[in-house]
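Engineer: Sequential numbering from 5 applies to the sequence shown in this note's numbering.
Below is one structure. I have some questions about it.
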Amino acid sequence: MITDPATASLAEAIAGARRIALFTGAGISTESGIPDFRSPGGIWTRKTSILFKDFMDSEDARQEAWRRRFEGDAAMRAARPNRGHRAVEALIRQGKAQAVVTQNIDGLHQHSGLPPEQVIELHGNTTYAACLECDTRHEIEEMRAVFEDTSRSPRCLRCLGLVKTATISFGQPMPEAAMRRAREEAQAAELFIVLGSSLVVYPAAGLPVLAVQNGARLAIVNREPTPMDEIADIVVNRPIGEAFGDAVGVN
Ligand code: NAD
């Protein structure tokens with residue numbers, strides 16, 4: 005029995021929709037112990053981001069990027085999918101949604117049991133690294149060993165190109181195939197659900213607008229207001245795990 009009226013509306017909308025698009029941000033992973041960017045105490049209240057250009061141009065910036073990645077590694081490794089991730093996985097398994105479009109880089113949707121092809125990563129993945137020249141995959145632990153041995157940012161073991169976590173930094177081109185699939189999801193949706201995004205990072209934040217322009221209903225789950233609440237049909241201001249878990253009927 006759902007007592008919160010907004011959560012009850014979301015449950016009803018989910019039950020009535022044949023095609024749902026799911027869009028997640030850092031807020032879905034805070035209950036797994038990974039801080040988001042913009043909440044009080046979030047990463048950006050403590051550090052500015054390293055731009056792609058700086059990573060390419062400066063050894064100091066690269067070293068700082070790697071130091072930050074290694075500092076966050078224990079939390080990243082300890083993180084397990086939470087009730088919100090399980091509810092996303094359940095809706096996809098039921099065929100209500102085809103995939104999740106995520107801004108997250110933590111790999112927790114895959115850990116919840118979704119096959120990689122059903123996780124559309126707009127900002128890449130920080131659980132591994134890749135060469136910026138030849139795209140060879142490198143493991144974070146390997147890169148840490150090189151960094152600690154040489155005190156230099158790691159280079160590709162194959163072509164000596166610069167290696168970076170497999171994420172999309174500010175100023176780095178968006179992955180075209182992922183963006184195309186994300187737009188297709190938004191355009192096909194009857195119901196577009198945003199889970200834990202501040203909806204201020206573009207082009208990702210344009211997806212709910214695209215969905216609404218194509219006739220979808222918009223639902224936003226966030227413990228704070230967002231700039232798109234006014235175009236949303238349903239706004240649930242509660243923690244994602246309990247609200248979305250209740251709405252989908254997943255523990
Ligand atoms: P954001 O930090 O800008 O916003 C997170 C939003 O989630 C906030 O509006 C906050 O109010 C809400 N929120 C946090 N915890 C919540 C909870 N338990 N229940 C309900 N709402 C909750 O995140 P964003 O919009 O995804 O943009 C940040 C960018 O930073 C992304 O592009 C992403 O690539 C990157 N990032 C990723 C991770 C991750 O992978 N887990 C973590 C930090 C940053």
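A virtual CB, placed ideally from N, CA and C, is assigned to each residue, including glycine.
Roughly how many angstroms separate the alpha carbons of MET147 and PRO158, rounded to a whole number?
Structural biologist: Indexing the sequence shown from 1 puts residue 147 at position 143. Indexing the sequence shown from 1 puts residue 158 at position 154. Roughly 6 Å separates the two Cα atoms.
Engineer: If we count the other Cβ atoms within 10 Å of its Cβ and call it buried at 16 or more, is LEU161 buried or exposed?
Structural biologist: Here the question's residue 161 lines up with position 157 in the sequence shown. That one is exposed.
Engineer: Under a three-way DSSP split, which group does PHE41 fall into?
Structural biologist: Position 37 of the sequence shown, counting from 1, holds the residue named residue 41. Coil.
Engineer: Can you list, in chain order, the residues of its chain whose CB lies under 6 Å from that of ALA103, leaving out five sequence neighbours each side?
Structural biologist: The residue you call residue 103 lines up with position 99 of the sequence shown. Taken in chain order, the residues that qualify are GLN122, ILE124.
Engineer: Using C-beta distances below 8 Å, list every residue in its chain close to PRO243, excluding the 5 sequence neighbours before and after it, in chain order.
Structural biologist: Here the question's residue 243 lines up with position 239 in the sequence shown. Cβ within range, chain order: GLU35, ARG227.
Engineer: What does the Cβ neighbour count give for ARG73, buried or exposed, with the cut at 16 atoms within 10 Å?
Structural biologist: Along the sequence shown, one-based indexing puts residue 73 at 69. By the 10 Å Cβ count, ARG73 comes out buried.
Engineer: How do the segment 201-215 and the segment 55-65 stand: do at least 3 beta-carbon pairs fall below 8 Å, yes or no?
Structural biologist: With a cut-off of 8 Å, the segment 55-65 and the segment 201-215 do not count as touching, because too few Cβ pairs lie within range.
Engineer: What are the uninterrupted segments assigned as beta strand (DSSP E) that are 3 or more residues long and contained completely in the segment 161-197, given in chain order?
Structural biologist: Counting whole runs of 3 or more residues, the segment 161-197 contains the beta strand (DSSP E) stretches 167-171.
Engineer: Assuming VAL198 contacts VAL225 under a Cβ cut-off of 8 Å, what Cβ separation, rounded to an integer in Å, is found between them?
Structural biologist: Position 194 of the sequence shown, counted from the start, is the residue given in the question as residue 198. Position 221 of the sequence shown, counted from the start, is the residue given in the question as residue 225. Contact flag correct, Cβ pair sits at about 7 Å.
Engineer: Contact defined as beta carbons within less than 8 Å: I believe VAL205 pairs with GLN107. What is the distance between those atoms, to the nearest angstrom?
Structural biologist: Along the sequence shown, read from residue 1 onward, the residue named residue 205 stands at position 201. Along the sequence shown, read from residue 1 onward, the residue named residue 107 stands at position 103. VAL205 to GLN107, Cβ: 7 Å. Contact.
Engineer: Does THR98 come out as helix, strand or coil in the three-state DSSP assignment?
Structural biologist: Sequence index remark: in the sequence shown, residue 98 carries index 94 (1-based). Here residue 98 turns out to be Gln, not Thr, going by the sequence shown. DSSP places GLN98 in coil when its eight states are reduced to three.
Engineer: How many Å lie between GLY249 and THR154 at the Cα?
Structural biologist: Counting from one through the sequence shown, the residue named residue 249 turns up at place 245. Counting from one through the sequence shown, the residue named residue 154 turns up at place 150. If I take the Cα positions, the gap works out to 47 Å.
Engineer: Can you confirm whether the segment 185-200 touches the segment 23-30 when touching is taken to mean that 3 or more C-beta pairs between the two stretches lie within less than 8 Å?
Structural biologist: As far as the Cβ criterion goes, the segment 23-30 touches the segment 185-200, which means the pair count is three or higher.
Engineer: Does the distance from the C-beta atom of ARG97 to that of GLY245 stay below 8 Å?
Structural biologist: Position 93 of the sequence shown holds residue 97. Position 241 of the sequence shown holds residue 245. Not closer than 8 Å, so no.
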